[in-house]
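Everything in the sequence shown is counted per my numbering, starting at 104 for the first residue and increasing by one. A short write-up of the structure that comes next.
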Amino acid sequence: MPEFKAHLFICGNDRGPGAKRESCCAKGAGELRDRVKQLAKERNLPKGSFRVNHAGCLDVCEQGIAAVIYPKGEWLLNLKPEDAPRIVDALEKAARGEEKI
(Lines of atoms letter the chains of each structure in order from A; the text may use other names.)
(Lines give C-alpha, C1' and ligand atoms only; values in the text may rest on other atoms or scores of the structure.)
Protein backbone atom coordinates (compact mmCIF):
# COMPACT_ATOMS: atom_id res chain seq x y z
CA MET A 104 0.00 0.00 0.00
CA PRO A 105 1.42 3.42 -0.93
CA GLU A 106 2.53 5.70 1.88
CA PHE A 107 2.00 9.28 0.81
CA LYS A 108 3.73 11.98 2.82
CA ALA A 109 0.79 14.28 2.08
CA HIS A 110 -2.75 13.45 0.97
CA LEU A 111 -5.02 16.33 -0.06
CA PHE A 112 -8.78 15.83 -0.19
CA ILE A 113 -10.73 18.59 -1.97
CA CYS A 114 -14.48 18.62 -1.37
CA GLY A 115 -16.35 18.00 -4.58
CA ASN A 116 -19.88 17.70 -3.24
CA ASP A 117 -22.64 18.82 -5.62
CA ARG A 118 -26.09 19.35 -4.17
CA GLY A 119 -27.53 20.50 -7.47
CA PRO A 120 -29.70 23.49 -8.31
CA GLY A 121 -32.14 24.74 -5.71
CA ALA A 122 -30.36 23.18 -2.72
CA LYS A 123 -30.72 24.93 0.63
CA ARG A 124 -26.98 24.75 1.35
CA GLU A 125 -24.15 25.81 -0.90
CA SER A 126 -21.81 23.19 -2.28
CA CYS A 127 -18.12 23.25 -3.09
CA CYS A 128 -18.67 21.88 -6.58
CA ALA A 129 -20.78 24.90 -7.52
CA LYS A 130 -17.90 27.14 -6.39
CA GLY A 131 -15.32 25.52 -8.68
CA ALA A 132 -13.94 22.63 -6.61
CA GLY A 133 -13.55 20.39 -9.65
CA GLU A 134 -11.61 23.08 -11.48
CA LEU A 135 -9.40 23.61 -8.41
CA ARG A 136 -8.65 19.88 -8.13
CA ASP A 137 -7.86 19.64 -11.85
CA ARG A 138 -5.56 22.68 -11.68
CA VAL A 139 -3.71 21.33 -8.64
CA LYS A 140 -3.18 17.97 -10.34
CA GLN A 141 -2.07 19.58 -13.62
CA LEU A 142 0.39 21.96 -11.93
CA ALA A 143 1.88 19.12 -9.90
CA LYS A 144 2.35 17.12 -13.10
CA GLU A 145 3.92 20.09 -14.92
CA ARG A 146 6.37 20.62 -12.07
CA ASN A 147 7.39 16.95 -12.10
CA LEU A 148 6.77 16.58 -8.39
CA PRO A 149 7.94 13.21 -7.07
CA LYS A 150 5.40 10.55 -7.94
CA GLY A 151 4.05 8.82 -4.86
CA SER A 152 5.06 11.55 -2.43
CA PHE A 153 1.55 13.00 -2.29
CA ARG A 154 -1.93 12.43 -3.63
CA VAL A 155 -4.82 14.74 -4.54
CA ASN A 156 -8.33 13.33 -4.36
CA HIS A 157 -11.95 14.37 -4.65
CA ALA A 158 -13.84 14.06 -1.37
CA GLY A 159 -17.50 13.94 -0.53
CA CYS A 160 -19.01 16.66 1.62
CA LEU A 161 -16.63 17.91 4.32
CA ASP A 162 -19.57 19.72 6.00
CA VAL A 163 -18.13 23.25 6.05
CA CYS A 164 -20.04 24.32 2.96
CA GLU A 165 -20.53 27.94 3.97
CA GLN A 166 -16.76 28.46 4.13
CA GLY A 167 -16.08 28.23 0.42
CA ILE A 168 -14.29 25.35 -1.26
CA ALA A 169 -12.88 23.19 1.51
CA ALA A 170 -9.95 20.80 1.57
CA VAL A 171 -8.08 18.84 4.20
CA ILE A 172 -4.56 17.46 4.09
CA TYR A 173 -3.47 14.36 5.94
CA PRO A 174 -1.67 13.09 7.92
CA LYS A 175 -1.57 16.47 9.70
CA GLY A 176 -5.31 17.07 9.43
CA GLU A 177 -4.88 20.67 8.25
CA TRP A 178 -7.97 22.36 6.86
CA LEU A 179 -7.93 24.79 3.94
CA LEU A 180 -11.06 26.92 3.60
CA ASN A 181 -12.41 29.61 1.29
CA LEU A 182 -10.38 28.24 -1.60
CA LYS A 183 -10.78 29.29 -5.22
CA PRO A 184 -9.43 27.70 -8.42
CA GLU A 185 -6.91 30.56 -8.57
CA ASP A 186 -5.34 29.21 -5.35
CA ALA A 187 -3.95 26.16 -7.16
CA PRO A 188 -0.33 27.43 -7.49
CA ARG A 189 -0.18 28.33 -3.80
CA ILE A 190 -1.63 24.94 -2.85
CA VAL A 191 0.87 23.07 -5.04
CA ASP A 192 3.77 25.07 -3.55
CA ALA A 193 2.64 24.21 -0.06
CA LEU A 194 1.78 20.61 -0.93
CA GLU A 195 5.27 20.10 -2.33
CA LYS A 196 6.81 21.37 0.91
CA ALA A 197 4.45 19.28 3.03
CA ALA A 198 5.31 16.20 0.97
CA ARG A 199 8.96 16.84 1.79
CA GLY A 200 8.05 17.34 5.45
CA GLU A 201 9.22 20.97 5.40
CA GLU A 202 6.14 22.86 6.56
CA LYS A 203 2.44 22.99 7.01
CA ILE A 204 0.14 23.88 4.15
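The beta carbon of each residue, even a glycine, is placed where N, CA and C say it ideally should be. Computed from a prediction, not measured in an experiment: that's the story for all the values here.
At a Cβ-Cβ threshold of 8 angstroms, LEU142 and PRO184 do not count as neighbours. With respect to the 8 angstroms criterion, ALA197 and ILE172 are classified as neighbours on the basis of their beta carbons. With a threshold of 16 other beta carbon atoms within 10 Å, LYS175 falls short and is exposed. Per DSSP, the unbroken alpha helix (DSSP H) holding ARG136 starts and ends at 132-145. A residue is called buried once 16 or more other Cβ atoms fall within 10 Å of its Cβ, and GLU195 is buried on that count.
Using a Cβ distance threshold of 8 angstroms, ALA169 and LEU111 do not count as a contacting pair. The alpha-carbon separation between GLY167 and ILE190 amounts to approximately 15 angstroms.
Taken atom to atom, the span from the alpha-carbon of ARG199 to that of ALA122 is near 40 angstroms.
Beta-bridge partners of LEU182 (DSSP): ILE168. Cβ atoms of GLU125 and GLU177 stay farther apart than 8 angstroms, at about 22 angstroms.
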